[in-house]
Amino acid sequence: MSRNDDLFERARGVIPGGVNSPVRAFGSVGGTPRFFVSASGPTVTDAEGRDYVDLVASWGPALVGHAHPEVIAAVVEAAGRGLSFGASTPAETELAEEIRRRVPIAEKIRLVSTGTEATMTAIRLARGATGRDLLVKFAGHYHGHSDGLLAQAGSGLATLALPGSAGVPAAIAAQTLVVRYNDRAALEAVFAEHGERIAAVITEAAGANMGVVPPAPGFTAFLRDLTRRHGALLISDEVLTGFRSGPSGYWGVLRDAGEDVAPDLLTFGKVVGGGLPVAAIAGRAEVMDLLAPLGPVYQAGTLSGNPVAVAAGLATLRLADDAVYARITAAAETVSHAASAALTEAGMPHVVQRAGTLFSVFFGAAVVDGVPDYETATLQDAAAYAAFFHAMLDAGVSLPPSAFEAWFLTAAHDDAALERIVSALPGAARAATAA
Ligand code: PMP
1 MSRNDDLFER ARGVIPGGVN SPVRAFGSVG GTPRFFVSAS GPTVTDAEGR
51 DYVDLVASWG PALVGHAHPE VIAAVVEAAG RGLSFGASTP AETELAEEIR
101 RRVPIAEKIR LVSTGTEATM TAIRLARGAT GRDLLVKFAG HYHGHSDGLL
151 AQAGSGLATL ALPGSAGVPA AIAAQTLVVR YNDRAALEAV FAEHGERIAA
201 VITEAAGANM GVVPPAPGFT AFLRDLTRRH GALLISDEVL TGFRSGPSGY
251 WGVLRDAGED VAPDLLTFGK VVGGGLPVAA IAGRAEVMDL LAPLGPVYQA
301 GTLSGNPVAV AAGLATLRLA DDAVYARITA AAETVSHAAS AALTEAGMPH
351 VVQRAGTLFS VFFGAAVVDG VPDYETATLQ DAAAYAAFFH AMLDAGVSLP
401 PSAFEAWFLT AAHDDAALER IVSALPGAAR AATAA
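Counting with the UniProt record's numbering, you get residues 1 to 435 for the letters of the sequence shown.
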């Protein structure tokens, strides 16, 4: 038994499925998940001492690369001053100000520890602000694992959702209406029927948890208009896209494209913690001030705004200047073009979709015309992706272990790292075709 197999066996004895988050389990690609022991720049190292060029980046946070010396120094310095005080620190305000500098519509910001908490609180705020209960979400959009957000996809027109997980009371799932993404008619129909009871629409700023599925041009502005007309709030979930798809998140990508849309609330995570647990709810001051202690909407956290985590987030955002985004953009172009060329050469139909610096590759003839929604995303060739994934892993490149994920570059992906990815692609593309 290899050391890695041994570690997994031991983990399975004490941790359900051997993992602390399900997607790590290689469930959809098969095989034994790798155990990592260290990471540096663009590289992760497994327990057997093998290096991989990393295209997961901790699922987004490692924007400037793993273990960036300035981030580590900030963390060590903060840790030396104490791990947690249960009281306010100056750095929390600095991080909130840095978020607002990048996204000025984030007038007020509350820090929490996970994206799940951020979206859960945003929804509670929307309900508190409107006095309404129903929530509209999109099929294929992930907002964390709180009860009401695990509602399953209904197809086509919105359906009153069934629980997407055991343990979610039907009465709670029934508060969530699931609509097809990028489908204006379905939204109009839902608002025509339930408009007076809808507290909010929550949307990923750009869909990135079913592969990358950006909003169609004008769709986010349409959402803003529709919600405003019906007195509902618009919540833009930038946990994944925030400060990764561009310096001002996907909000900034849209603004730069001329679609200047101001959601009432936004949520951030991942990059704002630079690899430690920080997330945020942000938005219009009038809505945000409904939070306790000013207002009646309760929210709290023992480790909210934790000083060590905030130090990592601040250091990461301070490093993330235009040059960092330019490097990530260039790296994303190199990898996506090389992947597309290799797949074409191997005869594998595919489509690459982008949202700012984020991209993913969908495999299979059924998706080549583009993926606008979850229903279409499910038509991709999962077996081809699994073969591709394992061939890349064998060649020393760690991709997300699921076809429903973005590929994450960092500013630390230098020429050597990119070359290793590019040279692994043709063999992996042939493996995908043969699968
Ligand atoms: N929203 C989005 C868009 C996400 O991608 C995620 C996590 N992948 C979450 C919310 C939940 O964040 P967390 O895992 O930190 O709870």
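Heads up, the beta-carbon is just placed ideally off N, CA and C, and yes, glycines get one too. Owing to the predicted nature of the structure, the values given are computational and were not obtained by experimental measurement.
Fully enclosed beta strand (DSSP E) runs of no fewer than 3 residues occupy 108-112, 134-138 of the region 65-145, in order along the chain. In the structure shown, Ser-340 falls within a helical segment according to DSSP collapsed to helix, strand and coil.
Fully contained in the region 163-234 are the following alpha helix (DSSP H) runs of length 4 or more, in chain order: 170-173, 184-194, 219-229. Val-29 sits in coil when the DSSP states are folded into three classes, being neither helix nor strand. The Cβ neighbour count for Met-288, taken over all protein chains shown within 10 Å, is at least 16; the residue is labelled buried.
DSSP places Ala-417 within a helical segment (H, G or I) once states are collapsed to three. For Gly-283, the enclosing beta strand (DSSP E) begins and ends at 279-283. Measuring C-alpha to C-alpha distances from His-141 to each of Glu-238, Val-103, Leu-134, Thr-114 identifies Glu-238 as the nearest. Nearest to Gly-144 by C-alpha distance, out of Ala-431, Gly-17, Thr-302, Glu-204, is Glu-204. Here the distance from the Cβ of Asn-209 to the nearest heavy atom of the ligand PMP is below 7 Å. Of the residues assessed, Ser-165 falls on the exposed side of the cut-off, its CB having fewer than 16 other CB atoms within 10 angstroms. In the DSSP annotation of this structure, the continuous segment of the beta strand (DSSP E) that includes Ala-355 starts and ends at 350-355. Ala-129 and Ala-383 have their alpha carbons spaced roughly 46 Å apart. With a threshold of 16 other beta carbon atoms within 10 Å, Met-1 falls short and is exposed. Along the length of the region 353-384, whole beta strand (DSSP E) runs at least 3 residues long occupy 358-363, reported in chain order. Here Asp-322 carries a helix assignment [DSSP, helix/strand/coil].
Judged by DSSP in its simplified three-state form, Glu-238 adopts strand. Only residues of its own chain outside the window of five on either side were considered, and among them Phe-35, Ala-47 have a CB closer than 7 Å to the CB of Leu-7, listed in chain order.
The region 321-329 makes contact with the region 407-414; the number of CB pairs closer than 8 Å reaches 3 or more.
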